[in-house]
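Enquirer:
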Amino acid sequence: MKSYGSDVLSILDDLTDAYVEVFTTPPWDGPDPDETRAAFRDRLTSDVHRPGFTALVEHADDGSVDGFITGWITPSPFRTDRAYGKVASRLGPEQVDQLLVGAFEIDELGVRRQARRTGLGRRLLEGLTAQHPRSWLLTWDQAHDTVAFYRRVGWREPTPVPGNENDILVFLAPTD
121 MKSYGSDVLS
131 ILDDLTDAYV
141 EVFTTPPWDG
151 PDPDETRAAF
161 RDRLTSDVHR
171 PGFTALVEHA
181 DDGSVDGFIT
191 GWITPSPFRT
201 DRAYGKVASR
211 LGPEQVDQLL
221 VGAFEIDELG
231 VRRQARRTGL
241 GRRLLEGLTA
251 QHPRSWLLTW
261 DQAHDTVAFY
271 RRVGWREPTP
281 VPGNENDILV
291 FLAPTD
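Residue numbering for the sequence shown follows my numbering, starting at 121 and increasing by one per position.
1. Near proline 153, which residues of its chain fall below 7 Å by C-beta distance, leaving aside the five closest residues on each side in sequence?
2. Counting Cβ pairs closer than 8 Å, one from the region 182-194 and one from the region 246-266, do we hit at least three?
3. Which residues does DSSP pair with histidine 179 in a beta bridge?
4. Under the three-state reduction of DSSP, which class applies to valine 142: helix, strand or coil?
5. Counting C-beta neighbours from all protein chains within 10 Å, is the total for glutamate 155 16 or more, i.e. buried, or is it exposed?
6. Valine 273 by DSSP, collapsed to three states: which one?
7. Starting from the C-beta of alanine 223, find all residues in its chain whose C-beta is less than 7 Å away, skip the five residues before and the five after it, and write them out in chain order.
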């Protein structure tokens, strides 16, 4: 497993291929692969400049990317774009400030089909949380296998504000 900072852009093509393969198949299917490719490349090119940006990448023997995890330190004030508004609504401002702001936010975790069920997802999470014990991530509640995986490896869900449940789930690293 190799650790990257902004130098992850040196493997942008291989990383993008893996991202598109993972996130245009069930349960994430539906997005156009070309649009997904362009959006990920644009986002990653910007994200590498976030404070604390880190990526861990597992390369296959042929040099392609088998799995990856990316993230950064969650800034204050808490963002409101993308799914962050749902996170803020679900947890409320007090829990967001206490649990998420200043913690390491895992933005993407992906394992290609041929590397699944090998423990790679767990190793990627453990590799990153070894560097950043106070970590969190979010996922879609309809990604049932993904949700079950996070629960199985010990990630826990903070209690939502009653009545503010939505389709975004937040998980905290077991070391929190």
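Where a beta carbon is used, it is the ideal one built from N, C-alpha and C, also for glycine.
Expert: According to the structure shown:
1. In the sequence shown, residue 153 corresponds to position 33, counting from 1. If we look at proline 153 and ignore the five residues flanking it on each side, its Cβ neighbours are Val140 and Thr144.
2. yes
3. Numbered from 1 along the sequence shown, position 59 holds the residue referred to as residue 179. Histidine 179 is bridged to Val185.
4. For the purposes of this step, residue 142 is taken as the residue at position 22 of the sequence shown. If DSSP states are grouped into helix, strand and coil, valine 142 belongs with the helices.
5. By one-based count along the sequence shown, residue 155 stands at place 35. Result: exposed.
6. Start at 1 with the first residue of the sequence shown, and residue 273 comes out as number 153. Residue state, collapsed to three classes: coil.
7. Reading the sequence shown from its first residue, position 103 is the one you call residue 223. Here the set comprises Thr194, Arg254, Ser255 and Trp256.
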